[in-house]
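Colleague: Residues 94 to 367 (my numbering) are what the sequence shown spells out, left to right. Just so you know, even glycine gets a beta-carbon here, dropped at the ideal spot from N, CA and C. Next up is a structure, given as C-alpha cells.
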Amino acid sequence: MLEERKKKIEETVSYLKSKTSIHPKVAIVLGSGLGGLTQSVEIADEIPYTEIPNFPVSTVKGHKGSLIFGKLNNTEVMVFNGRMHYYEGYPMSVVTYPQQILSGLGVKCIILSNAAGGMNPTFKVGDIMIIKDHINMFGDNPLLGPNDDTLGPRFPNMSEVYSHRLIKLAYQKAAETGVHLQEGVYMGVTGPCFETPAEYKMYHIMGADAVGMSTVPEAIMAHHRGIEIFALSVITDLGIVGQVMEATHEEVLQAAQTTGPNMVKLIFAMLPEM
C-alpha cells in the first residue's frame, strides 16, 4: 500500500517537472470564488487536473480545476485553481493528494484559502480571517492507515500547525498595504449542508470563529510533510446568534469574489519573504 502510494506520487511529480521549468517554493490553494488571484500571476504553464496522472478532479462550481506554474511578485509559485472536498465523495487520501506531491516539487510553504461562515460577533461579511488554529470535525483524518516514516512522523505534533512566523509577516504586510485582518480558529466540517442556527451556536461555544468544508485535511497533510503553512478565510456569510444568514452557494461565491482583491494584495506583499 505504501509503495503503491509512493509510486503514484513519484509519477505525478515526474510528469509535472516535465511540463514546466518553474521551481516553486510556495504553493497556493484557491478556495471557492477566489480564483481571481490567477489574474495576477505571470503564468508560465497551466495544466488541467484531468491531464495530470493520478490527480483527482474538482466537481464544484467556483473551482476551475487546473494547476498553474508561474511567478507572482517575482516569486515562483504553483497555484491550485480549485480543490477537492470530502463532501464530493473523495476519501481523505484523495482530498489531500495535492499536498502529498509538494515536497517532491521543492515547495517549502503553502497558502491555504477558503470561503467560510463567520461566528465571531465582531466579524462581518467581507472580512479576511487569519487562521491561527483549527478544530477537526470531519470525523476522519488523512493520516489514518500505514505511515511512511520517511515522509513524516506517525504522531505529528500539532502545537503549531499554522506558522507563527508567517502570521507575524501577514500582520506586517497588512499594515503596510492597508488590508484589515481578523484572526481566529477555523472549524472544518464535512458539509455539504450549510449549518443550522443551533450548529453555528454550538461550534462557536466550542471555540471556533469560522466554519467551512475544507482546509483542515490539507493543513494536516502539509504539516505532516514538513511544509510551512499560512491560511486565511474570507468571511462570506454569518452564523452569529441572531444574525444567521440564509446564504446560497452563489452568494458565497459573490462575497468571496468581492473580497478577493484584498486577499491578493496581502499574498502579493508576503510572497518575497515567505
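To the nearest angstrom, how far is the alpha carbon of N207 from that of A324?
Modeller: About 8 Å.
Colleague: From what residue to what residue does the beta strand (DSSP E) around H227 run?
Modeller: 221 to 229 is the extent of the beta strand (DSSP E) around H227.
Colleague: Could you work out which residue in T289, P146, S159 is closest to G175 when comparing CA atoms only?
Modeller: Considering only alpha carbons, the answer is S159.
Colleague: Compute the Euclidean distance between the alpha carbons of G281 and Y180, then round it to the nearest angstrom.
Modeller: Distance between the alpha carbons of G281 and Y180 is about 12 Å.
Colleague: Specify, as a first and last residue, the run of the beta strand (DSSP E) that K164 falls within.
Modeller: Its beta strand (DSSP E) spans residues 159 to 165.
Colleague: Is the distance from the Cβ of A312 to the Cβ of I328 below 8 Å?
Modeller: Cβ atoms of A312 and I328: not closer than 8 Å.
Colleague: So P239 packs on L95, CB below 8 Å; how close in whole Å?
Modeller: With 8 Å as the limit, P239 and L95 qualify as a contact, their Cβ atoms being about 5 Å apart.
Colleague: Whole angstroms is fine: what's the gap from K157's alpha carbon to P249's?
Modeller: C-alpha separation (whole angstroms): 32 Å.
Colleague: When the distance is taken between beta carbons, is V170 closer than 8 Å to I121?
Modeller: Going by C-beta atoms, I121 is nearer than 8 Å to V170.
Colleague: Could you tell me the boundaries of the alpha helix (DSSP H) in which Q347 lies?
Modeller: Element bounds for Q347: 342 to 363.
Colleague: Need the endpoints of the beta strand (DSSP E) that I121 sits in, please.
Modeller: Segment 119 to 123, the beta strand (DSSP E) holding I121.
Colleague: Please name the residue in Y296, V150, N355, E344 whose C-alpha comes closest to that of I333.
Modeller: Closest by alpha carbon: Y296.
Colleague: Would the region 197 to 216 and the region 339 to 358 be scored as touching if the rule is three or more Cβ pairs under 8 Å?
Modeller: They touch, by the three-pair rule.
Colleague: Can you round the beta-carbon distance between T289 and F231 to whole angstroms, since I take them to be within the 8 Å contact cut?
Modeller: The Cβ separation is near 18 Å, so there is no contact.
Colleague: Under 8 Å by Cβ, that's how I've got F361 and N166 pegged, so tell me the actual separation to the nearest angstrom.
Modeller: Contact flag correct, Cβ pair sits at about 5 Å.
Colleague: Quick check on the DSSP output: the alpha helix (DSSP H) that includes V188 runs from which residue to which?
Modeller: Run containing V188: 185 to 188, per the alpha helix (DSSP H) assignment.
Colleague: Could you pull the DSSP bridge partners for G277 from this structure?
Modeller: DSSP lists I224 as partners of G277.
Colleague: Report the three-state DSSP secondary structure of V172 (helix, strand or coil).
Modeller: Looking at V172 - three-state DSSP - the assignment turns out to be strand.
Colleague: Measure the Cβ-Cβ separation of G277 and M222 and say whether it is below 8 Å.
Modeller: Contact flag set, yes.
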